[in-house]
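This report refers to the structure that appears directly beneath it.
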Amino acid sequence: MRVTELTVIKNLIENINKTRERLNETQLKIATGKNINTVSDDPYVANSVMNLRSMINRNERFQKNINDSIDFLTATGDAVDNFINTLTDVKSLLVEIANPARQPDYQTYANRLNELFKQLLDSVNTRFRGKYIFNGTKTDVKPFDYNENTDFLSVDLSNGVIEFEVNDGVYEKVNFTVEELFGGREIFDLILQIKNLLRNGTRPSDSLLQRFNEIFEFIVSQASNVGALMNRFLLLQKQIEKQNTILREILSIRQDTDMAQQAINLQRDRLILESAYAVAGRIVQKTIIDYLR
Amino acid sequence: MAGLLGIIETAKKAINSSRAGMEVTSHNVSNVNTPGYTRQKIELTSTDVLSSKHGMINAGVRVSGIRQVRDEFIEGEIRRVFNLLGSYSVEKEFFSRIETLLNEPSEVGLGQLFENFFNSFDDLSKNPEDRATRVTVVQAGKALAQRFNDIFNGLVGIKKDIIASLDAKLKNINQIIEELGNLSRTAVNLYNSGSEINDVRDKINQKLKELSNLADVVVSYDENGGVKVSIGGVTVVDRNFTQTVALKFVDGQAKIISVKGESEVKLNSGEVFVLQNLFNELIPDVMQKFDDLAKNLIKKVNDFHKVGYALDGTTGIDFFGGTGAGSIQVNKIILDDPAKISASINGDVGNNEVALAISSLRNETKILGFYNSIVSDIGLRSRISSDNENLHRMILNQLESQRDAVSGVSIDEEMLNMIKFQKMFEASAKVIQTVNEMIDAVLSMVR
């Protein structure tokens, strides 16, 4: 094969260009820290990178939702604790009244009971981030509104369920309603009734106290549900966190540049380029003219 | 004496031939860097033998021709590969432009905006009564719709660029056609007047190569050195006939028609073909996909949104307006008052079921899944055309090396030829000088 100067030069330029192109690619990878900078770099990997990102994004949402759920449940738990503490006070007060050995001043008891009743209302009307936590989906409506002057308790309750998405297609209920936790308005009506009896100087009947005790037991047992749900969220939180770590690791493997490898590539390509220049400088100079004297 | 003078005559022919040889060498050396130049070679033959009474006398050398050293097959291959290279490089250019327009995978692409949009509805599901969250939802929806509009407008812009590019390339084709017509006429004239047409053929070849980059060319030569060229089944150059081509739009499709025959030029490859194909099919196809994607999004989101209740209890409001990627936008009512976003299924402000449903659309294959498939498809096409471009560039390089091996000028070789002819010239001159001395000797005998 005849090889002319033009062929040599053309091939040389072509090869230098190729090496430069490779250098450019390597530099881009190092600068961005990513192997995939456009989809066409590797359509398959790019697609899986996009899917992974989408999955990670979703997982982060779940993490966020779970954290918000836990916050919400913590607020619920605190309110329930307060409620039960106050209710325990009510209970001991009623025990004192029930004791036939004592001749209590019913008026004082009525006043104390009234204060405790208002505390109970405060607990059940607890707001968290602007919403009434025990009122189902009517989060803008105060569930219990007590007018002391008219002695009227207006009640507007919702049993609506609020769910957050905590995993792919998994919706968890995060709220507890008055109905679920406290058995509806009965306990409040009962306390009001007892208070009014005391105010009139009458001792409440045993059956009323009996009923109070029943509801008290019910509320205490229901309260444990809040804790149980909380535990479930804590478990989910750990699980999602683990998933996230794994997904991030996979994404990193797919997408991130192996810096050491690229540094070596860069060095190699630079060496090739320099050698090409050196060789080019020598080959192109020489023709037969140099030897015709 | 007669014999001696005959020798001078022979030497003169040799001197002339060596001069001709030098001329060819100098022509070759001069054109060492001329694209498309084919090296020429002088052909020497000995003249017919004369018989005399002293026996057979060789009467010297003569130039029988100056021949081009070319390989028609390789040149045809170069045209074919150059044609494909043109196709792939244009395809690559435009697909990588679309790819840049989409800008994936990144934190600012449409995919991320989709995620942000669904995330905002997820946030809303946790705080349906919160106004600040609603503003985020509006912003996310607006950003998503605007990105859709941008992509659509970007594609429209690319279509406009294609038309501009097509115009320019057709002008280029027409110019080449005119030049080829002139060259073909020149070649025929020169041939008929008995001259060499080597250099004209080089120019024709070079023009054909340029033309083949733009369109698929069929070439044939006639015996007079003329060239017949047709593109896409329509003859554009033939002897004294040339006709140009023009762009015409029929039902929104870009068509190329010949000016004289008014017949359609149906191209199969080359830059112009790909531009035409991009304009007529590929870009509209991508636009259609984005339109479908936007339509799906509008429909699915609105279907859920419409049945929901806004904070003030109104219902039946669309979240998105518009009919496609170019016109999608957040409903003006919602833009004006984010409280109109309907998150609740029953009117309770704490109910989040509609927000949850819209947020769950992220798993809808006709939205994010479809978008990912569009992006992969474009990436893959960009990749394939880029690979093909590289491959054909390599093949072209190889072919040009092969052509160069046959037709290229080698300075080494030409220098050696130069010495060869120089020595031939010197030797012939020496012959004349010697014969001259001999004649002097003969004449001095007479004195």
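So the sequences go chain by chain: U and R. Take 152 as the starting number for the first sequence in the working numbering and just add one per residue. Take 439 as the starting number for the second sequence in the working numbering and just add one per residue. Glycine is no exception: its CB is placed at the ideal position from the N, C-alpha and C atoms. This one's a predicted model, so the numbers in the text were calculated from it and none came from an experiment.
Item: Whole-angstrom distance between residue 624 of chain R and residue 611 of chain R, CA atom to CA atom; Value: 20 Å
Item: Start and end residues, alpha helix (DSSP H) containing residue 275 of chain U; Value: 257 to 275
Item: Secondary structure of residue 508 of chain R, DSSP reduced to three states; Value: coil
Item: The region 475 to 491 of chain R touching the region 499 to 517 of chain R, judged by at least three CB pairs closer than 8 Å; Value: yes
Item: Between the CA atoms of residue 865 of chain R and residue 456 of chain R - distance to the nearest angstrom; Value: 10 Å
Item: Cβ-based contacts, 9 Å cut-off: residues of the region 559 to 571 of chain R near chain U; Value: 560, 561, 563, 564, 565, 566, 567 and 568
Item: Residues of the region 851 to 868 of chain R with Cβ closer than 8 Å to any Cβ of chain U, in chain order; Value: 851, 853, 854 and 857
Item: Inter-residue spacing [alpha-carbon to alpha-carbon] between residue 608 of chain R and residue 683 of chain R; Value: 7 Å
Item: Simplified DSSP assignment, three categories, for residue 392 of chain U; Value: helix
Item: Below-7 Å beta-carbon distance, residue 519 of chain R vs any chain U residue; Value: no
Item: Cα-Cα separation, residue 411 of chain U to residue 440 of chain U; Value: 48 Å
Item: Buried or exposed by the 16-neighbour rule on C-beta atoms within 10 Å, applied to residue 563 of chain R; Value: buried
Item: Nearest-angstrom Cβ-Cβ length linking residue 294 of chain U and residue 275 of chain U, presumed shorter than 8 Å; Value: 6 Å
Item: Beta-carbon separation (whole angstroms), residue 452 of chain R vs residue 862 of chain R, contact threshold 8 Å; Value: 6 Å
Item: Residue 462 of chain R at chain U interface by Cβ criterion, 7 Å; Value: no
Item: Three CB pairs or more closer than 8 Å across the region 710 to 722 of chain R and the region 678 to 693 of chain R; Value: yes
Item: Residue 731 of chain R versus R:694, R:693, R:812 and R:663, residue with shortest Cα-Cα distance; Value: R:812
Item: Environment of residue 399 of chain U [buried if 16+ CB atoms lie within 10 Å]; Value: exposed
Item: Residue 543 of chain R burial status per 10 Å Cβ neighbour count (16 or more: buried); Value: buried
Item: Limits of the beta strand (DSSP E) - the one that residue 483 of chain R falls within; Value: 478 to 484
Item: Spatial neighbours of residue 362 of chain U in its chain, beta-carbon cut-off 7 Å, leaving aside the 5 residues before and after; Value: 341
Item: First and last residue of the uninterrupted alpha helix (DSSP H) at residue 316 of chain U; Value: Taken as a continuous stretch (DSSP letters only), residue 316 of chain U belongs to no alpha helix (DSSP H), being part of the beta strand (DSSP E) at 314 to 318.
Item: Residues that residue 810 of chain R contacts on chain U, provided the C-beta gap is smaller than 9 Å; Value: 198, 201, 202 and 205
Item: Anticipated Cβ contact below 8 Å, residue 180 of chain U with residue 406 of chain U, distance rounded; Value: That belief does not hold up - the Cβ atoms of residue 180 of chain U and residue 406 of chain U are roughly 11 Å apart, past 8 Å.
Item: DSSP three-state assignment for residue 323 of chain U, whether helix, strand or coil; Value: strand
Item: Contact with chain U by residue 776 of chain R, beta-carbon distance below 7 Å; Value: no
Item: Helix, strand or coil at residue 759 of chain R [DSSP, three-state]; Value: strand
Item: Beta-carbon spacing of residue 649 of chain R, residue 657 of chain R below 7 Å; Value: no
Item: Extent of the continuous beta strand (DSSP E) to which residue 714 of chain R belongs; Value: Segment 709 to 715 is the alpha helix (DSSP H) holding residue 714 of chain R; no beta strand (DSSP E) there.
Item: Cβ of residue 392 of chain U within 7 Å of any chain R Cβ; Value: no
Item: Local conformation of residue 577 of chain R per DSSP, three classes; Value: helix
Item: As assigned by DSSP and simplified to three states, the class of residue 285 of chain U; Value: coil
Item: Buried versus exposed, by CB contacts within 10 Å (16 or more), residue 729 of chain R; Value: buried
Item: Partners in chain R for residue 438 of chain U, counting only beta-carbon separations shorter than 8 Å; Value: 849, 850 and 853
Item: Of the residues U:366, U:231, U:427 and U:266, the one placed nearest residue 169 of chain U, counting alpha carbons only; Value: U:427
Item: Interface partners of residue 557 of chain R on chain U, CB under 8 Å; Value: 208 and 212
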